[in-house]
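*Asks:* My structure is below; once you've seen it, I'll send some questions.
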Amino acid sequence: MSAAPASIRLGCIADDFTGATDLANNLVRAGMRVVQTIGVPEGPLDTDADAVVVALKSRTVPAADAVAQSLEALRWLQAQGAKQIYFKYCSTFDSTPAGNIGPVTEALMDALGTDFTIATPAFPDNKRTVFKGYLFAGDVLLSESGMQNHPLTPMTDPNLVRVLQAQTRRRVGLIDHVAVAAGADAVRARIQALRAEDVGIAIVDAVSNDDLLRMAPALAELPLLTAGSGVAIGLPGNFGLSPSNQAAALPAAQGRCAIVSGSCSVATNGQVADFVARGGQALALDPLRMAAGEDVAAEALAWAAPRLNNGPVLVYSTAEPEAVRAIQARLGVEEAGAMVERTLAAVARGLVAEHGVGRLVVAGGETSGACVQALEIAQLRIGAQIDPGVPWCHAVSPIAPAGLHLTLKSGNFGTPDFFTKAFARLDQAA
Ligand code: ADP
Numbered sequence: 033m034s035a036a037p038a039s040i041r042l043g044c045i046a047d048d049f050t051g052a053t054d055l056a057n058n059l060v061r062a063g064m065r066v067v068q069t070i071g072v073p074e075g076p077l078d079t080d081a082d083a084v085v086v087a088l089k090s091r092t093v094p095a096a097d098a099v100a101q102s103l104e105a106l107r108w109l110q111a112q113g114a115k116q117i118y119f120k121y122c123s124t125f126d127s128t129p130a131g132n133i134g135p136v137t138e139a140l141m142d143a144l145g146t147d148f149t150i151a152t153p154a155f156p157d158n159k160r161t162v163f164k165g166y167l168f169a170g171d172v173l174l175s176e177s178g179m180q181n182h183p184l185t186p187m188t189d190p191n192l193v194r195v196l197q198a199q200t201r202r203r204v205g206l207i208d209h210v211a212v213a214a215g216a217d218a219v220r221a222r223i224q225a226l227r228a229e230d231v232g233i234a235i236v237d238a239v240s241n242d243d244l245l246r247m248a249p250a251l252a253e254l255p256l257l258t259a260g261s262g263v264a265i266g267l268p269g270n271f272g273l274s275p276s277n278q279a280a281a282l283p284a285a286q287g288r289c290a291i292v293s294g295s296c297s298v299a300t301n302g303q304v305a306d307f308v309a310r311g312g313q314a315l316a317l318d319p320l321r322m323a324a325g326e327d328v329a330a331e332a333l334a335w336a337a338p339r340l341n342n343g344p345v346l347v348y349s350t351a352e353p354e355a356v357r358a359i360q361a362r363l364g365v366e367e368a369g370a371m372v373e374r375t376l377a378a379v380a381r382g383l384v385a386e387h388g389v390g391r392l393v394v395a396g397g398e399t400s401g402a403c404v405q406a407l408e409i410a411q412l413r414i415g416a417q418i419d420p421g422v423p424w425c426h427a428v429s430p431i432a433p434a435g436l437h438l439t440l441k442s443g444n445f446g447t448p449d450f451f452t453k454a455f456a457r458l459d460q461a462a
């Protein structure tokens, strides 16, 4: 199939993998057909889409690397015909005084030749709201939300104007709730006023989805938007698109069903327990046997092979915190994590390549990254949401030439019955 650059409206650059899926999911729900790429593709996009989200891993790398990666993504998106660029970061504005939100924003503004953009991590569906420039997570200020203790990006100041000003040479201002509540024309007037004051980047207040939808028309003229995933809900309308089931359409699902889970989060532990309690076919993997050099992945595949005909199989390393700590104490945190990820990725690859799995649920952010790599997936088409932030996706790769449906669930997402519900949703869609 030939490239269809003319159809690309919105080009998005996300600073991490699950954040990219979160944005893609919001765009699909608002009516866009979306493809997510893993890193910057080598060649042109070979499928039709209204928006492309390029997933980078640039949140905590040195600022110069983040800038270089983002500019490479920009050039590729421009080559695909993107009319507007959206730089997506975390809804908790994860950054350090050195960046990377400020430096990347500045570099994108320079490259696009624009003197003004917005910055708002507001995502009311996920309880992230911005008021008078202060970011709230749930009922508390960002700096009281636990994010002040984040190991890589501690957020000790909830005032986003100050936080961003520390990261950029451009003047940072505020489009406050009074303007947003008054509607798009008031936001446009505020943008004009800020421009006249030489402000280059404006934090925008938003405490509800209505705020995001109301401001959206005023954002249509800006070449660059920077935001969490919330702002996305109002953008398809700017391109004449409205919510439709068509946007989430994926090819028909086929093949056997499997779940690979390496997340040890509370929600995932509950989901594994729920699946087992329902009588699901499940195999727990023992990290100590992996450490001893046993071929745990091959054993898991041999276990799964005869059972796949009877329904979904679950292969998991998911464990309660004490068990995880015990393994980490013996092997080291990083070594334990990498070893388990390698094993689960080999299981995922074997299930798809050798055992006819065509519908795969992966639980865990890092686990997902390892599995996507092992499955040699370069891009995903985003389908319907299963639970907030978790859509079904479809990919074709050398490992899955006939196509694979997969969903990548980050740790704390999803209801307890997620593993059962996910496959049922796919059947309903068929
Ligand atoms: P989440 O999205 O819940 O944070 P991740 O996949 O990102 O899940 O992270 C879980 C990490 O824990 C991975 O590096 C995984 O390999 C590791 N892990 C999984 N199971 C175990 C276990 N039983 N013992 C130690 N580490 C584990």
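Residue numbers for the sequence shown, in my numbering: 33 to 462. By construction, the Cβ of each residue, glycine as well, lies at the ideal position given by its N, Cα and C atoms.
Given this structure, state the Cα-to-Cα distance separating residue 262 from residue 323, to the nearest angstrom.
*Replies:* C-alpha separation (whole angstroms): 42 angstroms.
*Asks:* Would you list, in sequence order, the uninterrupted alpha helix (DSSP H) runs of no fewer than 4 residues that lie entirely inside the segment 376-415?
*Replies:* Complete alpha helix (DSSP H) runs here, min 4: 397-406.
*Asks:* Does residue 93 come out as helix, strand or coil in the three-state DSSP assignment?
*Replies:* Three-state result, residue 93: coil.
*Asks:* By DSSP, does residue 175 sit in helix, in strand, or in coil?
*Replies:* The answer is helix: DSSP assigns residue 175 an H, G or I state.
*Asks:* Secondary structure at residue 423, three-state DSSP: helix, strand or coil?
*Replies:* Strand at residue 423.
*Asks:* Output the boundary residues of the alpha helix (DSSP H) element that contains residue 361.
*Replies:* That run of the alpha helix (DSSP H) goes 353-363.
*Asks:* Buried or exposed for residue 188, please, with buried defined as at least 16 other CB atoms from any protein chain shown within 10 angstroms of its CB.
*Replies:* With fewer than 16 other Cβ atoms within 10 Å, it is exposed.
*Asks:* Should residue 77 go down as buried or exposed, given a rule of 16 or more other Cβ atoms within 10 Å for buried?
*Replies:* Burial call: buried.
*Asks:* List in chain order: all unbroken alpha helix (DSSP H) runs of 4+ residues lying wholly within the segment 169-218.
*Replies:* 192-197, 209-214, all fully within the segment 169-218.
*Asks:* For residue 34, which three-state DSSP category applies?
*Replies:* Because residue 34 carries a pLDDT of 45, less than 50, the predicted location of this residue cannot be relied on, and the following value inherits that uncertainty. Residue 34 falls in the coil class under three-state DSSP.
*Asks:* Just verifying my parser: in three-state terms, what is the DSSP assignment at residue 127?
*Replies:* Coil.
*Asks:* Determine the burial state of residue 33: buried for a count of at least 16 other Cβ atoms within 10 Å of its Cβ, exposed for fewer.
*Replies:* With a pLDDT of 43 at residue 33, under the threshold of 50, the predicted position of this residue should be treated as unreliable, though the coordinate-derived value follows. Exposed.
*Asks:* Could you spell out the range, first to last residue, of the alpha helix (DSSP H) harbouring residue 337?
*Replies:* Where residue 337 is concerned, the enclosing alpha helix (DSSP H) stretches over 328-339.
*Asks:* Taking residue 42 as part of the beta strand (DSSP E), name the residues at either end of that continuous run.
*Replies:* That run of the beta strand (DSSP E) goes 42-46.
*Asks:* To the nearest whole angstrom, what separates the beta carbons of residue 250 and residue 219, a pair I think is in contact under 8 angstroms?
*Replies:* Their Cβ separation, rounded to whole angstroms, is 4 angstroms, which keeps residue 250 and residue 219 in contact under 8 angstroms.
*Asks:* Check residue 309 in the structure and name its three-state DSSP category.
*Replies:* Note: residue 309 maps to helix in three-state DSSP.
*Asks:* So, for residue 377: in the same chain, excluding its five sequence neighbours on each side, which residues have a beta-carbon less than 6 angstroms away from its beta-carbon?
*Replies:* Cβ neighbours of residue 377 beyond the five flanking positions: 402, 403, 406.
*Asks:* Looking only at its chain, what residues have a beta carbon closer than 7 angstroms to the beta carbon of residue 523, apart from the 5 residues adjacent to it on each side?
*Replies:* An answer regarding residue 523 cannot be provided, because it is not within the stretch 33 to 462 covered by the chain.
*Asks:* With distances taken between CB atoms, is the gap from residue 238 to residue 344 smaller than 8 angstroms?
*Replies:* Taking 8 angstroms as the Cβ cut-off, residue 238 and residue 344 do not qualify as a contacting pair.
*Asks:* Taking the C-alpha atoms as reference points, what is the distance between residue 451 and residue 207?
*Replies:* Roughly 42 angstroms separates the two Cα atoms.
*Asks:* Considering just the uninterrupted stretch of the beta strand (DSSP E) at residue 117, what are its terminal residues?
*Replies:* Per DSSP, residue 117 belongs to the beta strand (DSSP E) from 116-120.
*Asks:* Check the DSSP bridge columns for residue 417 and list the partner residues they point to.
*Replies:* Answer by DSSP bridge pairing, in chain order: 423.
*Asks:* In chain order, what residues of the same chain have a beta carbon less than 6 angstroms from the beta carbon of residue 130, not counting five sequence neighbours either side?
*Replies:* Closer than 6 angstroms at Cβ, skipping near neighbours: 95.
*Asks:* Considering just the uninterrupted stretch of the beta strand (DSSP E) at residue 347, what are its terminal residues?
*Replies:* Taken as a continuous stretch (DSSP letters only), the beta strand (DSSP E) holding residue 347 covers 345-348.
*Asks:* For ligand 1, I want to know if residue 84 counts as a neighbour, meaning its beta carbon is within less than 7 angstroms of at least one of the ligand's heavy atoms.
*Replies:* Answer for residue 84: no, Cβ out of range of ligand 1.
*Asks:* With respect to the beta strand (DSSP E) encompassing residue 291, which residues constitute its N-terminal and C-terminal limits?
*Replies:* Per DSSP, residue 291 belongs to the beta strand (DSSP E) from 288-293.
*Asks:* Ordered along the chain, which non-local residues of its own chain (more than five positions away) have a Cβ less than 6 angstroms from that of residue 85?
*Replies:* For residue 85, where only same-chain residues beyond five positions count, the Cβ hits under 6 angstroms are 44, 46, 52, 55, 56, 68.
*Asks:* By the three-class DSSP mapping on this structure, what secondary structure does residue 68 have?
*Replies:* DSSP places residue 68 in strand when its eight states are reduced to three.
*Asks:* Based on Cα-Cα distance, which residue from 429, 302, 225, 223 lies nearest to residue 353?
*Replies:* Closest by alpha carbon: 302.
*Asks:* Ligand 2 and residue 359: does any heavy atom of the ligand fall closer than 7 angstroms to the residue's C-beta?
*Replies:* Absence of ligand 2 is noted for the structure shown, with ligand 1 being the only ligands found.
*Asks:* For residue 201, count neighbouring Cβ atoms within 10 angstroms of its own Cβ and tell me buried if that reaches 16, exposed if not.
*Replies:* By the 10 Å Cβ count, residue 201 comes out exposed.
*Asks:* Do the CB positions of residue 148 and residue 223 come within less than 8 angstroms of each other?
*Replies:* Yes. Within cutoff.
*Asks:* Kindly indicate which residue of 336, 426, 180, 325 has the alpha-carbon position closest to the one of residue 439.
*Replies:* Checking every option, the nearest Cα to that of residue 439 belongs to 426.
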